[in-house]
Structure formats: structure tokens, C-alpha cells
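Just so we're aligned: the sequence shown equals residues 14 to 73 in the numbering used here. The beta-carbon is built from N, C-alpha and C at its ideal position, and this holds for glycine as well. No experiment lies behind these values; they were computed from the predicted model shown.
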Amino acid sequence: MAVPVSGGWRRLAAAGALLEVCEEVLSPGHPLTTRVRENLETLEREMNQPPAPSPESSDE
């Protein structure tokens, strides 16, 4: 797993906590819970991508 920077851990923790609340208060199949879960998965995928190369390192 890549190491998240600039508050990434906090965002993941907050999204995970929100998902838990939605599952508990609403239901795992509720549309809002489903949307929160999808957004959490997207955030996790984005944070696990390697960093893009910096413009200074391009050969152009």
C-alpha cells in the first residue's frame, strides 16, 4: 500500500467512519450507504496509485 500524504490517512479514516455509520443507521444496501462505499473504494484506489512524474523530470 502506498503511503498517503497531506491528510490522506484522515480522509480515509473519516470515509471509513462515515461508511460504518451509514451501515449501522441506514442499512448496508441503502443507496446512500452504497454511494459512500463506492466513494471510499475510489479514494483508496486513487491513494494507492504511484505518484505522477514531475514535469521537471520529463525529457522534453
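Where the alpha helix (DSSP H) through residue i begins and ends
i: Glu37; result: 21–38
Residue i (DSSP reduced to helix, strand or coil)
i: Pro68; result: helix
i: Pro44; result: helix
Whole-Å CB distance - residue i paired with residue j, under 8 angstroms assumed
i: Leu25; j: Glu51; result: That pair is no contact at about 15 angstroms.
i: Gly29; j: Met60; result: At roughly 12 angstroms, the Cβ-Cβ gap does not stay under 8 angstroms, so Gly29 and Met60 are not in contact.
i: Leu45; j: Leu39; result: 6 angstroms
Burial state of residue i, where buried means 16 or more other Cβ atoms lie within 10 Å
i: Val34; result: exposed
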